[in-house]
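Novice: Below is the structure I would like to discuss, written out as structure tokens.
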Amino acid sequence: MDTTTTPSSSSFSSSEGRSYDAAATPAAVQRALELLQMDDLDLRVEAAREIRRLTKTSHRCRRRLRRAVGPLVSMLRGDSPESHEPALLALLNLAVKDETNKISIVEACALEPIISFLKSQNLNLQEYATATLLTLSASATIKPIISASGVIPLLVEILRDGSPQAKADAVMALSNLSAQPNNLSIILETNPIPFIVNLLKTCKNTSKTAEKCSALIESLVSYDEGRTALTSEEGGVLAVVEVLENGTLQSREHAVGTLLTMCESDRCKYREPILREGVIPGLLELTIQGTPKSQPKARTLLQLLRESPYPRPEVDADTLENIVSNIISQIDGDDQCGKAKKMVAEMVQVSMEQSLRHLQQRALVCTPTDLPVKSSTASQVSSNLKEAKGTLSLVQMVHPISEIEELSSMEEGANNPSSKSNTISMHRCCSSNYVVTMSQKVIAEFIGTYFVVFAGCGSVAVNKIYGSITFPGVCITWGLIVMVMIYSVGHISGAHFNPAVTISWAIFRRLPFKEVPLYIIAQFLGSVLASGTLALTFNVTSEAYFGTVPVGSIGQSLATEIIITFLLMFVISAVSTDDRALGDFTGVAVGMTIMLNVFIAGPISGASMNPVRSIGPALIKHVYKGLWVYIVGPIIGAIAGAFVYNFLRSTDEAVSDSTTGHP
């Protein structure tokens, strides 16, 4: 797997959002090049700053300003400290997404001064040098040159003592360099794992930094020194387990790969340290909800964690349950034992239900009534169905319900009958701390979409019938209801309420594709039911229609829907996936964006931004004019918005400027 981090755009981008490509006229480029040749140092510094400004977002300028590489490198090598930062930042922007410029920078002997800046007492200069090395290390051509320069120990020192941003850039640069043969052994010689673990503990488990830390640790534990260092570091294995439980799909894949590598190398040595950190619930979840690569790894690791070192020749229906039962019997502490047993029962219930559905669907598809069925096929399907149905009873044999009830009561510190009688209900209806079942997600999406459409479209209907809300009130209502529902059910389902958002998340691997149909069905039903409720509640005439119909031309409405949905998805991507963004203000940011979009686009297209928001009213009131616009437009806009933000947030350069506001 290629773990190289690639650049998206210059992270040192202007907070003003100006279009520098438009300002990058040939005259401006020529003037910057001329100033760079002047003898006056102040003029050359001014030229470097201008080059940095011109190349912030313009690929064209990066090509036009290639001749500036040599003079800028000369400024780096000069004795004037005031010229180092402007020249380095200009070179950083020139290198972003431009392979030719990267090679030119290295050929101009820029590596020597850049590497020397890693030892600078100037923290800003140190940070910019780390970011530049991150950018350059994304090039397959330059990786061997950087590796041979002896920079790896210095990057590990940055990982130990640098600023938070420099540490993040350093671990990404090391991750890039680790793809080069023999570099892993060089990295290991510097004992980086304690510093990587510390960074992993302090960053968000869902961040890009955590993903790169996990990937680097997975590579390093292929060596005995790496495995020993990870287990020797306090909280090292626990940090990996926490990523396995709460990280992104990619991070969790790296985490389970790390633990599996350790257990496969020496099961007797690493089994206990892994079990001690409570890895079982996360592994159980991965066996069902992980990526195609992480699911088999999780199952293999569960087999290795069994008490018996000899694997079974075949995976029987009860393998997972027996494996976990065996492991649980070795776990110390009633709390962990009780939680793990409840987790087993819940996970097997989900697995059994999914297996039954899949097998029944296959049986229906493969055995139509008008075709003869081979006896071997029929008996095989029957056998599979019986095997799947027997799964839950096997678990109950291993962990009787009464035993689970008793353990639950012990966890709660209560031996009263009410606690005991409520355990089965709690077990069946409540999700564990680690697993959010698909049924809960679907219900949350249905409820969320229902109230979003009910309140939003209801405000439109009330305004058209009674005129008491006014257009600004409609805009505010849409923003408020989305914000409220995000905070209400966002922690359960992710608060999509919109097929365009769901499809975009699936495309960019933030939602398994197998969950997309269920999400969309829940959203569709929620919208239709809400629209039907409004139609029954109000006397909705054709003039009071609360759906969306193009006011101008079809093309105008389509373009408007694409643009405003692009903005919505761009903001959603920023505040929900990037740990540099707003955090707890996600609902506010998304709600404000919707309110703004309705203000702008409401009079033009109706500001749908959501296929089911338009489909529900259209089906109830039989108004289908231009309906395709509100299906195609939002989906295109959402995919584009998510793509652009993913392009902007991917980092082979530092993100310091966007987070600290450098001019």
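Residue 215 in the working numbering sits at position 205 of the sequence shown, with consecutive numbering throughout. Cβ coordinates follow ideal geometry from the N, Cα and C atoms, glycine included.
1) Are three or more beta carbon pairs between the stretch 274 to 281 and the stretch 289 to 298 nearer than 8 Å?
2) Apart from the five residues on each side of it in sequence, which residues of its chain come closer than 8 Å, Cβ to Cβ, to R72?
3) Between the stretch 525 to 532 and the stretch 627 to 641, do three or more beta carbon pairs fall short of 8 Å?
4) Does the Cβ-Cβ distance between A220 and S261 come in under 8 Å?
5) Round the Cβ separation of T459 and V608 to the nearest angstrom and send it over; I've been treating them as touching at under 8 Å.
6) What's the gap between the Cα of M272 and the Cα of E243?
7) For P191, name the three-state secondary structure that DSSP assigns.
8) What is the C-beta distance between I610 and I574, in whole angstroms, given that I count them as a contact (C-beta under 8 Å)?
9) If we count Cβ pairs, one from each stretch, closer than 8 Å, do we get three or more for the stretch 481 to 495 versus the stretch 624 to 631?
10) Classify S147 as helix, strand or coil using the three-state DSSP reduction.
11) Report the residue from V581, M619 and L144 whose alpha carbon sits nearest the alpha carbon of N656.
12) Going by DSSP, what residue range makes up the alpha helix (DSSP H) through S586?
13) Which same chain residues, not among the five before or five after A176, have their C-beta less than 7 Å away from its C-beta?
14) Are the Cβ atoms of V250 and L269 separated by less than 8 Å?
15) In angstroms, rounded to a whole number, what distance separates the CA positions of I155 and E199?
16) Could you name each continuous alpha helix (DSSP H) segment of 4 residues or more that falls completely within the stretch 460 to 537, going from the start of the chain to the end?
17) If I502 sits next to A465, beta carbons under 8 Å apart, how far is it from one beta carbon to the other, in whole angstroms?
18) To the nearest angstrom, how far is it from the Cα of S217 to the Cα of T151?
19) Where does G172 sit, in a helix, a strand or coil, going by DSSP?
20) According to DSSP, simplified to helix, strand and coil, what is G458?
21) Does the contact criterion of 3 or more C-beta pairs under 8 Å hold for the stretch 468 to 487 versus the stretch 506 to 522?
22) Does the Cβ-Cβ distance between I453 and I645 come in under 8 Å?
23) Identify the continuous alpha helix (DSSP H) that holds A42 and give its terminal residues.
24) Beta-carbon within less than 7 Å of F653's beta-carbon, same chain only, minus the 5 sequence neighbours each way: which residues are those?
25) Would you check if the distance between the CB atom of V639 and the CB atom of E571 is smaller than 8 Å?
26) For F205 versus R170, is the C-beta distance shorter than 8 Å?
27) Could you give the DSSP three-state label for S23: helix, strand or coil?
28) For F456, collect the residues of the same chain with a Cβ closer than 7 Å to its Cβ; drop the 5 residues on either side in sequence, then sort them by chain order.
29) Would you decide whether L546 is buried or exposed? Buried here means 16 or more other CB atoms lie within 10 Å of its CB.
30) Does the beta-carbon distance from L187 to L230 come in below 8 Å?
31) Please list, in chain order, all residues of the same chain as P482 whose beta carbon is under 8 Å from its beta carbon, the five residues on each side excluded.
Specialist: For this structure:
1) no
2) Taking the first residue of the sequence shown as 1, we reach residue 72 at position 62. Closer than 8 Å at Cβ, skipping near neighbours: T65, N103, L104, V106, K107, D108 and N111.
3) no
4) Here residue 220 corresponds to residue number 210 of the sequence shown, with the count starting at 1. Here residue 261 corresponds to residue number 251 of the sequence shown, with the count starting at 1. The answer is yes: Cβ separation under 8 Å.
5) Taking the first residue of the sequence shown as position 1, residue 459 is located at position 449. Taking the first residue of the sequence shown as position 1, residue 608 is located at position 598. 17 Å between Cβ atoms; not a contact.
6) The sequence position of residue 272 within the sequence shown is 262, counting from 1. The sequence position of residue 243 within the sequence shown is 233, counting from 1. Going from the Cα of M272 to the Cα of E243 covers about 15 Å.
7) Within the sequence shown, numbered from 1, the residue matching residue 191 stands at position 181. Reduced to three states, the DSSP call for P191 is coil.
8) For the purposes of this step, residue 610 is taken as the residue at position 600 of the sequence shown. For the purposes of this step, residue 574 is taken as the residue at position 564 of the sequence shown. Going by Cβ atoms, the distance from I610 to I574 rounds to 7 Å, so yes, they are a contact pair.
9) no
10) Position 137 of the sequence shown, counted from the first residue, corresponds to residue 147. Correct three-state label for S147: coil.
11) What you label residue 656 is simply residue 646 of the sequence shown in a count that begins at 1. Checked all of V581, M619 and L144; the closest Cα to N656 is V581.
12) As a working mapping, residue 586 is identified with position 576 in the sequence shown. It spans I564 to T587 - the alpha helix (DSSP H) in which S586 sits, taken as one unbroken run.
13) Here residue 176 refers to the residue found at position 166 when the sequence shown is read from its first residue. Answer for A176: Q136, E137, T140 and I168, listed in chain order.
14) For the purposes of this step, residue 250 is taken as the residue at position 240 of the sequence shown. For the purposes of this step, residue 269 is taken as the residue at position 259 of the sequence shown. For V250 and L269, yes; Cβs fall inside 8 Å.
15) Position 145 of the sequence shown, counting from 1, holds the residue named residue 155. Position 189 of the sequence shown, counting from 1, holds the residue named residue 199. Answer to the nearest angstrom: the Cα atoms are 19 Å apart.
16) 481 to 503 and 509 to 517
17) Counting from one through the sequence shown, the residue named residue 502 turns up at place 492. Counting from one through the sequence shown, the residue named residue 465 turns up at place 455. About 19 Å separates the two Cβ atoms, so there is no contact after all.
18) Your numbering for residue 217 matches position 207 in the sequence shown. Your numbering for residue 151 matches position 141 in the sequence shown. Distance between the alpha carbons of S217 and T151 is about 28 Å.
19) Here residue 172 refers to the residue found at position 162 of the sequence shown. Three-state result, G172: coil.
20) For the purposes of this step, residue 458 is identified with residue 448 of the sequence shown, where counting begins at 1. In this structure, G458 counts as helix in the three-state DSSP scheme.
21) no
22) Numbered from 1 along the sequence shown, position 443 holds the residue referred to as residue 453. Numbered from 1 along the sequence shown, position 635 holds the residue referred to as residue 645. No, the pair does not count as a contact, with Cβ atoms beyond the cut-off.
23) Reading the sequence shown from its first residue, position 32 is the one you call residue 42. First-last of the alpha helix (DSSP H) with A42: P36 to L46.
24) Numbered from its first residue, the sequence shown carries residue 653 at position 643. Here the set comprises nothing.
25) Translated into positions along the sequence shown, residue 639 becomes position 629. Translated into positions along the sequence shown, residue 571 becomes position 561. Contact: yes.
26) Numbered from its first residue, the sequence shown carries residue 205 at position 195. Numbered from its first residue, the sequence shown carries residue 170 at position 160. Taking 8 Å as the Cβ cut-off, F205 and R170 qualify as a contacting pair.
27) Mapped onto the sequence shown, residue 23 falls at position 13. Residue confidence is low: S23 scores 34 on pLDDT, short of 50, so the model does not pin down where it sits. No coordinate-derived value is stated.
28) Residue mapping note: residue 456 aligns to position 446 of the sequence shown, counting from 1. So the qualifying residues of the chain are A532, L535 and G536.
29) Start at 1 with the first residue of the sequence shown, and residue 546 comes out as number 536. Per the 10 Å Cβ criterion, exposed.
30) As a position in the sequence shown, residue 187 is number 177, starting the count at 1. As a position in the sequence shown, residue 230 is number 220, starting the count at 1. No.
31) Locating residue 482 in the sequence shown gives position 472, counting from the first residue. Excluding sequence neighbours, P482 sits near F609.
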